Amino acid sequence: MPETALDIPRLWVEFNDPAEPGQRFRCDLTWLTSSWSCIFGSGCAGIYQDRPDDGCCTLGAHLTDKDDVSRVKAAVAELGKDEWQYHSAGQQGRWKVKEDKQPKTRVVDGACIFQNRPGFPAGAGCALHQHARARGLEPHTVKPDVCWQLPIRRNYRNVELPDETSYLEVTITEYDRRGWGPGGHDLDWYCSGNPEAHIGKEPVYRSNSAELGELMGSAAYRELVVRCDAHLAAVQAAQAAGSRRLLPLLVHPATLAAQRLDTSKDSLGAGKEGRDTGKDADPVRSKKRQ
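So the sequence shown is numbered by my numbering: it starts at 18 and just counts up by one.
This is the structure we're talking about:
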């Protein structure tokens, strides 16, 4: 199925940060209540057609600051040869390079040095991610910032008010193709707007609770949950009332498209088994896929 348009209508919510006076969150309900889920290894086509096994790891990861470098460096010291395919190539700091005077993870054999390739005994995928999961840690505690945040995007803007006061606006939204810069439009495949990736059992604000808590702080994240829950309740109420024309304004279009695809598959099966096919899919129901 084709990706949805980038200029979709979105619903936003704003609220003050309970932990930081002078800071206000602006959150994208359309994205945060979508059913997007990472499908690496389960249908992800990779950002480039000739590198389908890399996911979004082909280019390596730019490191944001000294803390980012230190976090990955500490994880590198713990990685064993049985966990990391390019263990020997990444020793003595050789896991990172400078690009435009900024540090980034090194690219080896066409992809990020931390990307284990298919056939590696520990399994394909990010060695840092796998290391965290094997030790019961959240991946964001060991991976580069850009890796664990994707495809969530956090932006900052200073807002000046007419009375000469101001506040810091923190936006939480979808890291779509445009987040990669002009080259993002040249990616062969991308997940956030693709219905194939909108098969999550939970909405983004719950499935990515650890990442959002890190990005926003625990108090602000709790405020976000209240508002996302209310938004999903509004979607369910609209559906119950038969206001299906409102659904494209309330639900991420890739989530809607994924639901329609599910309905079509269910209908084909129901026709063969004699089940009722007259009901539309619930755009916010939990997925039961394995």
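Every residue, glycine too, gets a C-beta built ideally from N, C-alpha and C.
Bear in mind the structure is a predicted one, so any value in this text is a computation, not a measurement.
Quick one: is P138 buried, meaning 16 or more other Cβ sit within 10 Å of its Cβ, or exposed? Classification for P138: exposed.
Hey, would you say T272 sits closer than 8 Å to S54, going by beta carbons? Going by C-beta atoms, T272 is not nearer than 8 Å to S54.
Going by CA-CA distance only, name the one from M233, V242, Q108, L167 that's closest to A78. L167
Which term fits L285, buried or exposed, when burial requires 16 or more other beta carbons within 10 angstroms of its beta carbon? Annotation note: pLDDT 37 at L285 (below 50); position unreliable, coordinate value reported separately. L285 counts as exposed, since fewer than 16 other beta carbons sit within 10 angstroms of its beta carbon.
Spatial neighbours of Y222 in its chain, beta-carbon cut-off 8 Å, leaving aside the 5 residues before and after: L49, T50, L229, L241, V242, C245
Which of helix, strand or coil does DSSP assign to P120? strand
Can you tell me whether V221 is helix, strand or coil according to DSSP? helix
Do Y207 and the ligand ADP come close, with the Cβ less than 7 Å from some heavy atom? This structure simply doesn't include the ligand ADP, nor any ligand for that matter.
To the nearest angstrom, how far is it from the Cα of I56 to the Cα of E31? 30 Å
Residue from Q119, P265, K160 with nearest C-alpha to V89: K160
Close beta carbons around H248, own chain, < 8 Å, minus the five adjacent residues each side: L28, V30, L46, T50, L267
Three-state class that DSSP yields for C129 in the structure shown: Strand.
Flag this pair as yes or no: are the beta carbons of I64 and D205 separated by less than 8 Å? yes
Ignore the nearest five residues each way along the sequence and tell me which others in N211's own chain have a CB closer than 7 Å to its CB. E20, A271
Rounded to a whole number of angstroms, what is the C-alpha to C-alpha distance between H215 and L278? 11 Å
Cα-Cα separation, V81 to K113: With the sequence shown as reference, residue 81 is identified as Thr, and Val is not the correct amino acid for it. Approximately 13 Å, taken between the alpha carbons.
Suppose the cutoff is 6 Å on Cβ atoms and the five residues either side in sequence are ignored; what does the same chain contact list for R170 look like? T190, Y192, G196
Do N172 and T188 have their C-beta atoms closer together than 8 Å? yes
Can you list, in chain order, the residues of its chain whose CB lies under 7 Å from that of D74, leaving out five sequence neighbours each side? Residue identity check: residue 74 is Cys in the sequence provided, not Asp. Contacts found: A128, C129, Q132, C143.
Go to W29, then tell me how far its beta strand (DSSP E) extends in each direction, as first and last residue. 29-33
Quick check on G142: does DSSP put it in helix, strand or coil? strand
Along the chain, where does the alpha helix (DSSP H) containing Q256 start, and where does it finish? Judged by DSSP secondary structure, Q256 falls within the alpha helix (DSSP H) whose first and last residues are 235-257.
CA-CA distance, E213 and D180? Put simply, the backbone Cα of E213 is about 47 Å away from that of D180.
Using DSSP with H/G/I as helix, E/B as strand and the rest coil, what is Q147? helix
Inspect the beta-carbon positions of A236 and A36 and report whether they are closer than 8 Å. Yes; because the gap between Cβ atoms is below 8 Å, this pair is in contact.
Looking at D34 and P135, is the spacing between their C-beta atoms short of 8 Å? no
Under a Cβ-count criterion, where at least 16 other Cβ atoms within 10 Å of its own Cβ denotes burial, should R194 be classed as buried or exposed? buried
Which residues DSSP lists as bridging K113, in chain order: T122
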